[in-house]
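Taking it in order: structure first as structure tokens, then the write-up.
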Amino acid sequence: MRSCKGITMIELIIVLAVIAIIAAILIPNFLNTTDKARLKSDVQSARVIKNALDLYNAEQSKQISSLSVGAIIKELGEKGYIDEESAAVQTDGAAWAYDQSTGGIYVDISACPETIRQKVYNQLNEQEKKYVKNASGG
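Per our numbering, residue 1 is the first one in the sequence shown, and the count goes up by one each step.
The following block contains the structure:
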């Protein structure tokens, strides 16, 4: 009998099938985790912008609460209250929103993909959800 070294085609196919199964399980979880991290980053940015806006309004005689969100971020950046470059929204399809009645800065995810609006939003805690506006008005 001759001794063969190496692997057979069947062994190779089985290994590739196992790798494909593992990848099919891990990739959606990885994408969900990435979306969640981006949304949490935006929530933190909204907190920072809101705190900077409150500080600006307390220190300055001129209030900037009646401007658009872009103008508010620009004004806060020019005055040195925030780093304007780091105030960009990270979540795909999201945008900043401003509520004049409460003076709150929010992450508007109403235009985001359904997976973000449902799965990722539902994984946030109640404190984080206060800084997010979703399709259902939350």
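The beta carbon of each residue, even a glycine, is placed where N, CA and C say it ideally should be.
Secondary structure at Asp35: helix, using DSSP grouped into helix, strand and coil. Annotation for Ile109: no beta strand (DSSP E) segment contains it, and DSSP assigns it neither H nor E.
Only buried fits Val120, as 16 or more other CB atoms lie within 10 angstroms of its CB. Around the Cβ of Val107, a 10 Å sphere holds 16 or more other Cβ atoms; the residue is buried.
Residue range 69–78 is occupied by the alpha helix (DSSP H) that includes Ala71, with no beta strand (DSSP E) assigned at that position.
A straight-line Cα-Cα distance of about 25 Å links Asp92 and Glu75.
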